[in-house]
Amino acid sequence: MPAIAWAARADSAQAALTQYFWDADKHYYCEDNAGKANYNYWWQAHGLDVLLDGYQRTKNPAYLAQMQQLQVGTKAQNHDTYLNEYYDDMEWQALACLRAFELTKDPAYRATAALLWANIKTGWNEQQGGGIAWRKTQLGYKNTPANAPAAILAARFYLLDHRAEDLAWAKKIYAWEKKTLVDPATGLVWDGVNGKGDGQIDKRMHFTYNQGVYIGAGLALYQATKQRGYLAGAERTAAYTLADPILSPNGILRNENSRDGGLFKGILVRYLTSLAIEPATSAASRASYARFLATNGQSLGQHATRRPQYLFGTSWAALPTDPVDASTEMSGVMLLEALAELQARHIL
21 MPAIAWAARA DSAQAALTQY FWDADKHYYC EDNAGKANYN YWWQAHGLDV
71 LLDGYQRTKN PAYLAQMQQL QVGTKAQNHD TYLNEYYDDM EWQALACLRA
121 FELTKDPAYR ATAALLWANI KTGWNEQQGG GIAWRKTQLG YKNTPANAPA
171 AILAARFYLL DHRAEDLAWA KKIYAWEKKT LVDPATGLVW DGVNGKGDGQ
221 IDKRMHFTYN QGVYIGAGLA LYQATKQRGY LAGAERTAAY TLADPILSPN
271 GILRNENSRD GGLFKGILVR YLTSLAIEPA TSAASRASYA RFLATNGQSL
321 GQHATRRPQY LFGTSWAALP TDPVDASTEM SGVMLLEALA ELQARHIL
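In this text, residue positions in the sequence shown follow this note's numbering: the first is 21, and each later residue adds one.
As structure tokens, then:
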């Protein structure tokens, strides 16, 4: 059986994302492929990351042009600012912009990331023992989506600028997250605390998103400090994710439905791929992650891709139903771009 050409599949997926979801006049990704033009701020951040995936792989300048258009559209649709009510949403925009700066050296991206990071830090307070709030009008609710990506962002700023303050923030946020929202027995990452104002953690919700960002936070802290404990934490959560029948039934990442949930698997894929690429990751773990991702990619291609449109389902084991959300499509693109990168690095 010939090897799958993952880069060719990634090209097809990128083309479909633009064809069916991109508003060429307003310069943002619409909510779905059926003409629903709703603007979702944090989806655009992942749209930027997906364009960066394509640019990093191909160096095609068309990606650069679309990235710049997207940033104009994002700001225009968000009341002429990049700032937002939700701290987690701003973190995604900042992470994508910082990566855009790293790949393009365009200072506008760095400036946006710095603006957002300064605002994100105002979300830290001592309710629930610390942590960054989920949103500005609900300062007592702390969750993984608002904290693990912030730890990644702080560590990446430290790796870029070597400011001790950024590393201190990364360590502080990670320590709160680990102490509060990570199961010490298994490495499973819980969603949040005090969502109902009762100080309780809802331990029933197993989201791929939360595992992904905690993996990313541990990896980023390891890269910033070379302290193996951070890497071990990331590998532990990754191992749990691959084996958990809720998160990965039959070895395929779970269906987390459309809307915001459509992005969850893609987030896990992005950071699991980064962990696979990290040279310090054990060879056995690297091989395990690569096999898992390839199995998911094969299932997506065989069972969950509507051709010739190249539209993906919320389940990576079943064809999509109409309409398809941009979030769902983006996760499929992320998976194929991840596999293309692993193949190019000879990890697959």
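From the three backbone atoms N, C-alpha and C, an ideal C-beta is built for every residue, glycine too.
- Counting only residues of its own chain and dropping the five nearest sequence neighbours on each side, R130 has a CB closer than 6 Å to the CB of F121.
- A straight line joining the alpha-carbon of D69 with that of Q89 spans about 14 Å.
- Closest in C-alpha terms to R306, from the list L362, G271, D181, comes L362.
- Between the beta-carbon of N167 and that of I152 there is about 5 Å, and that keeps the pair under the 8 Å contact cut.
- Looking from the CA of F227, the closest CA among L273, K216, T38, P343 belongs to L273.
- By the beta-carbon neighbour count (other beta carbons within 10 angstroms, threshold 16), G232 is buried.
- The DSSP assignment places complete alpha helix (DSSP H) segments of no fewer than 4 residues inside the segment 322-366 at 346-364, in order along the chain.
- Where W63 is concerned, there is no enclosing beta strand (DSSP E), although the alpha helix (DSSP H) around it starts and stops at 61-78.
- For W154, the uninterrupted beta strand (DSSP E) run begins and ends at 153-155, by DSSP.
- In the DSSP assignment, V213 is bridged to K162, I221.
- Boundaries of the alpha helix (DSSP H) harbouring W26: 26-41, taken from the DSSP string.
- Assigned with DSSP and collapsed to three states, D52 falls in strand.
- Burial check for S302: the Cβ neighbour count within 10 Å stays below 16, so the residue is exposed.
- Minimum Cα-Cα distance from A188 among the listed residues A54, A175, E111 corresponds to A175.
- If you compare the alpha carbons of K216, F332, A240, N60 with that of L37, the shortest gap goes to F332.
- By the CB criterion at 9 Å, R77 and G321 fall outside the cutoff.
- T94 is the residue among T94, D126, G282, S347 whose C-alpha sits nearest the C-alpha of D45.
- Burial check for E105: the Cβ neighbour count within 10 Å stays below 16, so the residue is exposed.
- Rounded to the nearest whole angstrom, the C-alpha separation of G217 and G160 is 7 Å.
- Separation of T325 and R279 (C-alpha to C-alpha, rounded to the nearest whole angstrom) is 18 Å.
- In this chain, the alpha helix (DSSP H) harbouring N230 covers 228-245.
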